[in-house]
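J.: If you're matching positions, the sequence shown starts at 0 in numbering that gives the first Met the number 0 and goes up one per residue.
This is the structure I have questions about; it appears just below.
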Amino acid sequence: MKRSITFTALLVLLAAAATAACAGDRLPAFPGAEGFGAGSVGGRGGRVIKVTNLDARGPGSLQAACSAEGPRTVVFDVSGVIPGDVVIETGRISIMGQTAPGAGVTIEGMLSTRYNSPQAIDDVVVRFLRVRPTSARGSGGDAIQFSQARRVILDHVSCSWASDETIDIYSARDVTVQWCSIEESVVTGHPKGRHNYGLISGPRGERVSIHHNLFAHHARRCPAIANGPADVRNNVIYNFRDGLSHEGHKPNDRGFNLIGNYYKRGPSDPKIFPFCFRGDVSYYLRDNFIEGVGIIQDPWAEANKLPGLKYYARHGRKAANEFPVAKVTTHSPKTAYELVLQRAGCLPRDAVTRRIVREVRTGTGAWGRPGTEPLMQDLRPQQPPRDSDQDGMPDAWEEAHGLDPDDRSDHRHAMKSGYTAIEEYCHEVAAEVLSPKTSNGPSRKTRCECRIGTAATVASRPPMSTVIWLHFAAVQRK
């Protein structure tokens, strides 16, 4: 049987006044950025730094770019595996993994912001990366740790093999985690014992959006969020025990939305607790789907449908209306299931994410059994496109967009969309990577047909609010 699934990518030309995801007249971080972290400016308007090697440290490394000061957009002339931890020392950074030619980039270690930094780590945008700490290279603990950061968005990131939380946004504010694949935390390596957990937002954190992500093979914290307002929608949670929880933290009562999530038991624990309510906290739930049970609209009234619902039915308060949060495009849980399994995580997908998705579909896999796939299996690095002025934009792209391939400063040109030229180039590469026709990342031999704008006189935020939807049809055979 052949079934057509529609993948919808929201491309926003300029949604400064059109979406609640952004404050004031701020552009979204990129077309399709949604939720509380969508207003992150990242490195917009700053310099372009190229990653030219896969070294853990030194000139041309990703770490050197993350240690630099000031607004910066990080692009890649290489693809492959970076052996070691990477620390973001200062904020105002956009890491554009989609620009890595062919195979993408895997960090074989932890990606983190500087904890207890004397200066705030604000405005961090990370797209299309894989973060896989291993026993040989990683530091243990988390895979991604952005504690205390503000205005952060993680988009299309694959992360795994953490011995604590896979993603830690403890005390971070205005955060979006979207279209990520949060995979198989390990059961050894933590001083407290088994800590194979998914994602945590701890005390002093707030305004968190978790949407369109895959959580697979974690016992707990899928996700754990201490404080509202928080919005958890259209996630796929597989082979878990605890879904939403507060993990011993006393939550505030500023509201938690759980909308359109898809819960699926796995072989590691037949008992599941999708909603771990607490005390007098208010929760709004709608259209959450538990495989084998069906749609749950009111877990208090429907507690007898599942022991895990009955256990928490005496806790929490049912909110009559959805809590006001930053806008997120919402799908039915079954549609979200297909979209997430098709497109979540770093693209092109490596063997790890491909295996994880197979296990979700077939109901297989287990806790604490991380794979042994080579990190570059079936991925093909390519040569970067010609870039005469080293401004991060290929010559052919600059010529097609009315820019000068010998002018190193024109990456700051404001396009008609309101984005800078380097941003617009990165957006087009992302659109090409997301296209179902692209199986191994962008070849860069042909330019993406989606042109968001052309070069214009420098102007920061023209008053436009046009929204365009692109529908990519993917065909799945059974």
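For glycine and all other residues, C-beta sits at the position ideal for the given N, C-alpha and C.
Nearest by alpha-carbon distance to Pro306: which of Gly315, Ile289 and Gly44 is it?
T.: Here residue 306 refers to the residue found at position 307 when the sequence shown is read from its first residue. Checking every option, the nearest Cα to that of Pro306 belongs to Ile289.
J.: Which first and last residues belong to the beta strand (DSSP E) in which Glu398 is found?
T.: On the sequence shown, residue 398 is found 399 positions in, with the first residue counted as 1. Here Glu398 belongs to no beta strand (DSSP E); instead the alpha helix (DSSP H) covers Asp394 to Ala399.
J.: State the Cα-Cα distance for the pair Gly254 and Pro332, rounded to the nearest angstrom.
T.: As a first step, residue 254 must be located in the sequence shown, where it is residue number 255. As a first step, residue 332 must be located in the sequence shown, where it is residue number 333. Cα-Cα distance, rounded: 21 Å.
J.: Tyr196 by DSSP, collapsed to three states: which one?
T.: Residue numbering aside, residue 196 sits at position 197 when the sequence shown is read from its first letter. Tyr196: strand per DSSP, three-state reduction.
J.: Any idea which residues DSSP pairs Glu205 with across the strands?
T.: Counted from its first residue, the sequence shown places residue 205 at position 206. Per DSSP, Arg172.
J.: Using a Cβ-Cβ cut-off of 7 Å (strictly less than) and excluding sequence neighbours within five positions of Thr98, which residues of its own chain qualify?
T.: Position 99 of the sequence shown, counting from 1, holds the residue named residue 98. Cβ neighbours of Thr98 beyond the five flanking positions: Val74, Phe75, Cys425 and Val428.
J.: What does the alpha-carbon distance come out to for the pair Leu9 and Arg150?
T.: Numbered from 1 along the sequence shown, position 10 holds the residue referred to as residue 9. Numbered from 1 along the sequence shown, position 151 holds the residue referred to as residue 150. The pLDDT assigned to Leu9 is 35, lower than 50, so where the model puts this residue is not dependable; a value taken from the coordinates is nonetheless given after this. In a straight line, the C-alpha of Leu9 is about 20 Å away from that of Arg150.
J.: Look at the Cβ atom of Leu53, then the Cβ atom of Ile94, and state whether they are nearer than 8 Å.
T.: Along the sequence shown, one-based indexing puts residue 53 at 54. Along the sequence shown, one-based indexing puts residue 94 at 95. Contact: no.
J.: Can you check which of these residues, Gly204, Ala215 and Ile81, is closest to Ala102 by C-alpha distance?
T.: Working through the sequence shown from its first residue, we reach residue 102 at position 103. Of the candidates Gly204, Ala215 and Ile81, the one whose C-alpha sits nearest the C-alpha of Ala102 is Ile81.
J.: Going by beta carbon distance, what residues of the same chain come within less than 7 Å of Ala67, once the five residues before and after it are set aside?
T.: Start at 1 with the first residue of the sequence shown, and residue 67 comes out as number 68. Ile48, listed in sequence order.
J.: Kindly indicate which three-state DSSP category His410 falls into: helix, strand or coil?
T.: Locating residue 410 in the sequence shown gives position 411, where the first residue counts as 1. In the three-state scheme derived from DSSP, where H, G and I count as helix and E and B as strand, His410 is classed as helix.
J.: Hey, how far is the Cα of Thr456 from the Cα of Met414?
T.: Position 457 of the sequence shown, counted from the start, is the residue given in the question as residue 456. Position 415 of the sequence shown, counted from the start, is the residue given in the question as residue 414. For Thr456, the pLDDT reaches just 27, beneath the cut-off of 50, and the residue's location in the model is therefore unreliable, although a value from the coordinates is still provided. So the two alpha carbons sit approximately 8 Å from each other.
J.: What did DSSP end up calling Thr426 once you bin it into helix, strand or coil?
T.: Reading the sequence shown from its first residue, position 427 is the one you call residue 426. The identity of residue 426 in the sequence shown is His, whereas the question assumes Thr. Residue state, collapsed to three classes: helix.
J.: Terminal residues of the continuous beta strand (DSSP E) containing Glu182?
T.: Locating residue 182 in the sequence shown gives position 183, counting from the first residue. Looking at the DSSP string, the run of the beta strand (DSSP E) that includes Glu182 is Ser180 to Glu182.
J.: Distance, Cα to Cα, Asp173 vs Asp163?
T.: Counting from 1 along the sequence shown, the entry for residue 173 is found at position 174. Counting from 1 along the sequence shown, the entry for residue 163 is found at position 164. Cα-Cα distance, rounded: 23 Å.
J.: For Gly42, which residues of its own chain have a beta-carbon under 7 Å away from its beta-carbon, when the five flanking residues on both sides are left out?
T.: Within the sequence shown, the letter at position 43 stands for residue 42. Cβ neighbours of Gly42 beyond the five flanking positions: Pro70, Arg71, Thr72, Arg91, Ile92 and Ser93.
J.: Pick out the complete beta strand (DSSP E) segments inside the region 292-360, 3 residues or longer, and give them in chain order.
T.: 293-295
J.: Please report the residue range of the beta strand (DSSP E) in which Ala215 lies.
T.: For the purposes of this step, residue 215 is identified with residue 216 of the sequence shown, where counting begins at 1. Where Ala215 is concerned, the enclosing beta strand (DSSP E) stretches over Leu213 to Ala215.
J.: Rounded to whole angstroms, what's the CA-CA distance from Leu433 to Ile209? Just pull it up for me.
T.: Your numbering for residue 433 matches position 434 in the sequence shown. Your numbering for residue 209 matches position 210 in the sequence shown. Taking the CA atoms as reference points, Leu433 sits about 20 Å from Ile209.
J.: On the DSSP bridge list, what partners appear for Arg126?
T.: Indexing the sequence shown from 1 puts residue 126 at position 127. According to DSSP, which records beta bridges pairwise, Arg126 is partnered with Met95 and Asp154.
J.: Tell me the DSSP bridge mates of Asn287?
T.: Walking along the sequence shown from the start, residue 287 turns up at place 288. Per DSSP, Ile295.
J.: Roughly how many angstroms separate the alpha carbons of Ala22 and Asn260, rounded to a whole number?
T.: Numbered from 1 along the sequence shown, position 23 holds the residue referred to as residue 22. Numbered from 1 along the sequence shown, position 261 holds the residue referred to as residue 260. For Ala22, the pLDDT reaches just 40, beneath the cut-off of 50, and the residue's location in the model is therefore unreliable, although a value from the coordinates is still provided. Near 27 Å, if we compare the C-alpha coordinates of Asn260 and Ala22.
J.: Let me check one thing: in DSSP terms, what residues is Tyr282 bridge-paired to?
T.: Position 283 of the sequence shown, counted from the first residue, corresponds to residue 282. Phe255 and Lys317.
J.: In angstroms, rounded to a whole number, what distance separates the CA positions of Glu182 and Val125?
T.: Position 183 of the sequence shown holds residue 182. Position 126 of the sequence shown holds residue 125. Whole-angstrom Cα-Cα distance: 18 Å.
J.: Output needed for Asp230: all residues of its chain with C-beta closer than 6 Å, excluding positions within five of it in sequence on either side, in chain order.
T.: Position 231 of the sequence shown holds residue 230. Excluding residues within five positions, the ones whose Cβ falls inside 6 Å are Ser208, Asn256 and Val324.
J.: Going by C-alpha distance, which of Tyr282, Thr105 and Ser200 is nearest Gly315?
T.: Here residue 315 is taken as the residue at index 316 of the sequence shown, counted from 1. Residue Tyr282 is the option with its Cα nearest to Gly315.
J.: Within the same chain, show all residues whose beta-carbon is closer than 8 Å to that of Asn439, passing over the 5 residues directly before and after it, in chain order.
T.: In the sequence shown, the residue the question calls residue 439 occupies position 440. Bear in mind that the predicted position of Asn439 carries a pLDDT of just 43, short of 50, making it unreliable; the figure below should be weighed with that in mind. Non-local beta-carbon contacts of Asn439 in its own chain, meaning distances under 8 Å to residues more than five positions away in sequence, involve Gly101, Ala102, Pro347, Leu378 and Arg379 in chain order.
J.: Mind checking Asn303: buried by the 16 CB within 10 Å criterion, or exposed?
T.: Against the sequence shown, residue 303 aligns to sequence position 304. The residue in question, Asn303, is exposed, as its Cβ has fewer than 16 Cβ neighbours within 10 Å.
J.: Bridge partners for Ala481 per DSSP, in chain order?
T.: Residue 481 is absent from the model: the chain starts at 0 and stops at 477.
J.: Name the DSSP bridge partner or partners of Gln144?
T.: Taking the sequence shown and counting its residues from 1, the one referred to as residue 144 is at position 145. DSSP, once it has assigned bridges, lists Ser111 and Asp167 as partnering Gln144.
J.: Who are the near neighbours of Asn251 in its chain, counting only those whose CB is closer than 7 Å to its CB and skipping five residues on each side?
T.: Residue 251 sits at position 252 when you count from the first residue of the sequence shown. Within the same chain, Asn226 and Gly227 come within 7 Å of Asn251 by CB-CB distance, once the 5 residues on both sides are set aside.
J.: Secondary structure at Ile120, three-state DSSP: helix, strand or coil?
T.: Along the sequence shown, one-based indexing puts residue 120 at 121. If DSSP states are grouped into helix, strand and coil, Ile120 belongs with coil.
J.: Which residue marks the beginning of the alpha helix (DSSP H) containing Ala37, and which one marks its end?
T.: For the purposes of this step, residue 37 is taken as the residue at position 38 of the sequence shown. Taken as a continuous stretch (DSSP letters only), Ala37 belongs to no alpha helix (DSSP H), as it is neither H nor E.
J.: At a cut of 8 Å, does the region 102-112 reach the region 392-411 through at least three beta carbon pairs?
T.: no
J.: Inspect the beta-carbon positions of Gly364 and Glu358 and report whether they are closer than 8 Å.
T.: Within the sequence shown, numbered from 1, the residue matching residue 364 stands at position 365. Within the sequence shown, numbered from 1, the residue matching residue 358 stands at position 359. Closer than 8 Å, so yes.
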